[in-house]
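Under the UniProt record's numbering, the residue at position 354 of the sequence shown is numbered 354, and the numbers go up by one with no gaps.
From the three backbone atoms N, C-alpha and C, an ideal C-beta is built for every residue, glycine too.
Computed from a prediction, not measured in an experiment: that's the story for all the values here.
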Amino acid sequence: MAIAMAATRRAFIKAPTLFSQEIECGTLFLFLPVCCGIGAIIYFGASAEPRLSAILFGLTLLVGLMQLAHSRPRTRLALAFAVAVVAGMVAGKLETMRADTRMLGSDITTRLTGRVVAMARDARGGWRVTLDIIATERPTLRYSPQRVIVSARSVPAGTKIGAGLQGLVHLRPQRGPVRPGNYDFAFNNYYKGIGANGFFLGKPRLAGVPADGALASRAWQAVANIRQQLTQRVLSRIKGEPGDIAASLITGQRDGIGEATNDAMRLSGLSHILSISGFHMALVAGIIVGSLRASMALFPGFAARYPMKKLAAFVALAGSGFYLLLSGADVAAQRSFVMLAVMLIAMMADRAAISMRNLAIGALITIALLPHEILGPSFQMSYSATGALIAYYGWRSRRKNRSNRTKGEGLLLRLPMMAASHVGAIAMTSLVAGTASSIFAAYHFNNTAPLGLVGNALALPVVSIFVMPFAVLAVLAMPFDLDWLPFAVMERGIEWVIAIAKMVGAHSPSGNFGSMAQTSLFFMTVGLVLLMLLRTRLRLVGFAVMALAIVPLRSARPPDIVIAEEGKLVALSAPDDTLTVNRATASRFTLDNWQQGYGAIQVLTPAKNGASPADGQFECADGVCLAREAGGLIVAYTDDPTKKSTACAEGDIVVLAFTGPTATCEPGDVLVITAQDLALRGSAEIRFGDNKVDPPSGLDAAAFAVEQLQARLQSAQTTYAVGSPQRPWNAYRVYSRTARNLAEQKPQRRAAKTKPPPDDQENPIRQ
Numbered sequence: 001m002a003i004a005m006a007a008t009r010r011a012f013i014k015a016p017t018l019f020s021q022e023i024e025c026g027t028l029f030l031f032l033p034v035c036c037g038i039g040a041i042i043y044f045g046a047s048a049e050p051r052l053s054a055i056l057f058g059l060t061l062l063v064g065l066m067q068l069a070h071s072r073p074r075t076r077l078a079l080a081f082a083v084a085v086v087a088g089m090v091a092g093k094l095e096t097m098r099a100d101t102r103m104l105g106s107d108i109t110t111r112l113t114g115r116v117v118a119m120a121r122d123a124r125g126g127w128r129v130t131l132d133i134i135a136t137e138r139p140t141l142r143y144s145p146q147r148v149i150v151s152a153r154s155v156p157a158g159t160k161i162g163a164g165l166q167g168l169v170h171l172r173p174q175r176g177p178v179r180p181g182n183y184d185f186a187f188n189n190y191y192k193g194i195g196a197n198g199f200f201l202g203k204p205r206l207a208g209v210p211a212d213g214a215l216a217s218r219a220w221q222a223v224a225n226i227r228q229q230l231t232q233r234v235l236s237r238i239k240g241e242p243g244d245i246a247a248s249l250i251t252g253q254r255d256g257i258g259e260a261t262n263d264a265m266r267l268s269g270l271s272h273i274l275s276i277s278g279f280h281m282a283l284v285a286g287i288i289v290g291s292l293r294a295s296m297a298l299f300p301g302f303a304a305r306y307p308m309k310k311l312a313a314f315v316a317l318a319g320s321g322f323y324l325l326l327s328g329a330d331v332a333a334q335r336s337f338v339m340l341a342v343m344l345i346a347m348m349a350d351r352a353a354i355s356m357r358n359l360a361i362g363a364l365i366t367i368a369l370l371p372h373e374i375l376g377p378s379f380q381m382s383y384s385a386t387g388a389l390i391a392y393y394g395w396r397s398r399r400k401n402r403s404n405r406t407k408g409e410g411l412l413l414r415l416p417m418m419a420a421s422h423v424g425a426i427a428m429t430s431l432v433a434g435t436a437s438s439i440f441a442a443y444h445f446n447n448t449a450p451l452g453l454v455g456n457a458l459a460l461p462v463v464s465i466f467v468m469p470f471a472v473l474a475v476l477a478m479p480f481d482l483d484w485l486p487f488a489v490m491e492r493g494i495e496w497v498i499a500i501a502k503m504v505g506a507h508s509p510s511g512n513f514g515s516m517a518q519t520s521l522f523f524m525t526v527g528l529v530l531l532m533l534l535r536t537r538l539r540l541v542g543f544a545v546m547a548l549a550i551v552p553l554r555s556a557r558p559p560d561i562v563i564a565e566e567g568k569l570v571a572l573s574a575p576d577d578t579l580t581v582n583r584a585t586a587s588r589f590t591l592d593n594w595q596q597g598y599g600a601i602q603v604l605t606p607a608k609n610g611a612s613p614a615d616g617q618f619e620c621a622d623g624v625c626l627a628r629e630a631g632g633l634i635v636a637y638t639d640d641p642t643k644k645s646t647a648c649a650e651g652d653i654v655v656l657a658f659t660g661p662t663a664t665c666e667p668g669d670v671l672v673i674t675a676q677d678l679a680l681r682g683s684a685e686i687r688f689g690d691n692k693v694d695p696p697s698g699l700d701a702a703a704f705a706v707e708q709l710q711a712r713l714q715s716a717q718t719t720y721a722v723g724s725p726q727r728p729w730n731a732y733r734v735y736s737r738t739a740r741n742l743a744e745q746k747p748q749r750r751a752a753k754t755k756p757p758p759d760d761q762e763n764p765i766r767q
């Protein structure tokens, strides 16, 4: 670190000269997507919805000022970057207007008729079906979502994409973040067009629905049915979990992969293999280009007459586009295709395919079309890994060009050196890409893969040689019914990858460092961007900026109290990395998320009747749960309106998990969190200030203790996951009965007969 700081000081001294060199290298263009991304982040992070007219006015004003500043290059440059920032805000606003997703406001049970848009099996053997709603009845929804995802234990035989399904469903609003700063289901589903989630009460039946008149929709339905048939073909050829992984690599349907394998892949740093991304797109394109150029070498006359490199790039572009459609055109796959398409088009134009400029162009296109993606882990990890690799190999190439070493070794010496160089390249690729992307993995998933370098070094050659090439070959061989042979090789390769993941995962230490502060993420990101984009010694400033992330990283601490948005679950931070909760049974998904996010080793349920509670442990009796948090304040919880007076009298922090006019405590030194607060603003974290002081002389110890508790209570800072519901993706919150402080209606007798599937929301940790 001292060496880096010394180099940074030297870079600052020569900054004007180095900055001029950066301009000559065209580096400033690379910062345009960075500025556009900043604009998108500003838009999505605003507390209220900005007006399009105001943003466009600002953009027009800045463009005009930039034109007037033609004689002042530095001012013009600053204005150009400002224009890029506002352009990013415009892109975000336009995407929000395009999405315009109708979000369900409260739970409802209705008879629904819908058109199947997508369907996939889940790990429990059931189905997750995406439906475009055609009609609802008993009751008819006045403000119905356009598209929903519903779970079903089974679907009628012959159900395919475009078919109609009808049945009684229980629909639920989208869930907000499980904890502040975490993955926001409502935000992401808003831009996917998903307005609600739910489950069928019983088995749905086929129903006649009008065909979608749009040509694009009919074409997509045809592709989706081919994709569904292809998935079934893969699963019939490769049984068990290897078949599920093969299907995920070919058609993008990864719902059947077991939890144990997902965990092993995550611990070994191989999760990226399971979701179609730039790695898979690049492999498919590379296989096509390499195969075509190798086969054309057999026809030297033809190869000499035509530009085979450009032809191979064109075929690879078409093949990658087909793979994109075949894989379901997930957002991550679309982004990867854009990046790959830019590189292949550059190859057809006799330009360098892999360059930082092409990466910047791909990022600009992605931000223009899908600006909300910049907030997600997929975008951040993908572009950080790719940018880091391009920067590293560019730096290494420049060093190699400057060296004057000659290579006069014989063949016997060169072969081992080539083999060692290949292994070293794989290791360095894994190290560079893994280090860059681990910043965002640690922030979003509170987890890193300490042995990811080992896992990738062992598994990537298997995927590159035995899995993806034979996946391409199997798809090509299907029309001739010869796909059994490449699928057999692919199955064996997948089995090796699973074995590697489990072996590495079994020896991997915990990579969970708890929640990363947003300040740390900011400094880490800025430093990484400088290291990747700058070519001169100015890039060393990136190390100094990243070093600033250490202070907030070390000072970050878990909240003292956390409350789930449904108001059913409350947890306290207790000694020995323990979370104490107010329920003996609770949502496993929520608890797992809290444990990972807060670095808790164990969860302590309420003390049993008559048992002495441990530090921070809840005691529950007569409808009220009480616990003493680490600073001495009493936390009281009840979901029974008749027990409100007891909870308010006993607690300093009172959670009233019910609605109605009585959901409040009498004015006094009490912090009250109600079900209405949580329904409007989402899950909550409470942190207390550290205001411990020595007691003044002459003050009674008991009186001083009371003052300390009052000061601690007054220092409480409550952070909600959503904040005020004023943005399109969270405005639905104001319409629930809980948000309006109305008592919840009792569920219909018919609906109570069917148990809802557990945690049917998608799990971001396993994406």
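Under the 10 Å beta carbon count, residue 70 is surrounded by fewer than 16 other beta carbons and is classified as exposed. Contact check for residue 527 against residue 572 fails: the beta carbons are separated by 8 Å or more. In the displayed model, residue 670 falls within coil according to three-state DSSP, outside both helix and strand. In the three-state DSSP reduction, residue 566 falls in the coil class, being neither helix nor strand. Going by C-alpha positions, residue 603 is about 19 Å away from residue 687.
Around the beta carbon of residue 211, fewer than 16 other beta carbons sit within 10 angstroms, so the residue counts as exposed. Distances from the CA of residue 366 to each of 265, 437, 203, 92 were compared; the closest alpha carbon is that of 92.
Between the alpha carbons of residue 158 and residue 268 lies a gap of roughly 39 Å. Per DSSP, residue 321 is one residue of the alpha helix (DSSP H) stretching across 308 to 326. Residues of the same chain with a CB within less than 7 Å of the CB of residue 433, apart from the 5 flanking positions on each side, are 385, 388, 389 in chain order. As DSSP reads the structure, residue 625 sits in a beta bridge with 620, 637. Separation of the CB atoms of residue 565 and residue 682 is rounded to 5 Å, and the pair is thereby assigned contact status at 8 Å. Put simply, the backbone Cα of residue 654 is about 6 Å away from that of residue 635. The count of Cβ pairs closer than 8 Å, one atom from the stretch 450 to 458 and one from the stretch 499 to 512, reaches three, so the stretches are in contact. Per DSSP, the continuous alpha helix (DSSP H) segment holding residue 507 begins and ends at 484 to 507. With fewer than 16 other CB atoms across the displayed protein chains lying within 10 angstroms of its CB, residue 706 is exposed. Membership of residue 232 in the alpha helix (DSSP H) is indicated by the continuous run 215 to 237.
Taking C-beta atoms under 8 Å as the contact rule, residue 171 and residue 198 qualify, at a distance of about 4 Å. Excluding its 5 nearest sequence neighbours in each direction, residue 607 has C-beta neighbours in its own chain below 6 Å: 613, 617, 619, listed in chain order. The beta carbon of residue 471 sits closer than 8 Å to the beta carbons of 246, 249, 250, 486, 490 from its chain, once the five residues preceding and following it are set aside; these are given in chain order.
Comparing alpha-carbon positions, the option among 221, 186, 290 lying closest to residue 163 turns out to be 221. Residue 497 and residue 355 have their C-alpha atoms roughly 31 Å apart. Residue 551 counts as exposed, since fewer than 16 other C-beta atoms from the protein chains shown sit within 10 angstroms of its C-beta.
With respect to residue 563, residue 675 sits apart: the two C-beta atoms are not nearer than 8 Å.
When the beta-carbon positions are compared, residue 313 and residue 344 come within less than 8 Å of each other.
For residue 720, DSSP records a beta bridge to 684.
For residue 470, the uninterrupted alpha helix (DSSP H) run begins and ends at 468 to 477, by DSSP. In the DSSP annotation of this structure, the continuous segment of the alpha helix (DSSP H) that includes residue 336 starts and ends at 331 to 348. Contact between the stretch 265 to 284 and the stretch 130 to 143 is absent: fewer than three C-beta pairs spanning the two stretches fall below 8 Å. Ranking 557, 533, 561, 522 by CA distance to the CA of residue 545 puts 522 first. Shown here for residue 725: same chain residues with a beta carbon closer than 7 Å to its own, the five before and five after excluded, namely 680, 731, 733, 734 in chain order. With a threshold of 16 other beta carbon atoms within 10 Å, residue 644 meets it and is buried. Of the residues assessed, residue 738 falls on the buried side of the cut-off, its CB having 16 or more other CB atoms within 10 angstroms. Following the DSSP letters along the chain, one finds residue 280 in no beta strand (DSSP E) but inside the alpha helix (DSSP H) bounded by residues 278 to 296. Measuring C-alpha to C-alpha distances from residue 201 to each of 184, 225, 155, 673 identifies 155 as the nearest.
Note on geometry: alpha-carbon atoms of residue 196 and residue 72 lie some 53 Å from one another.
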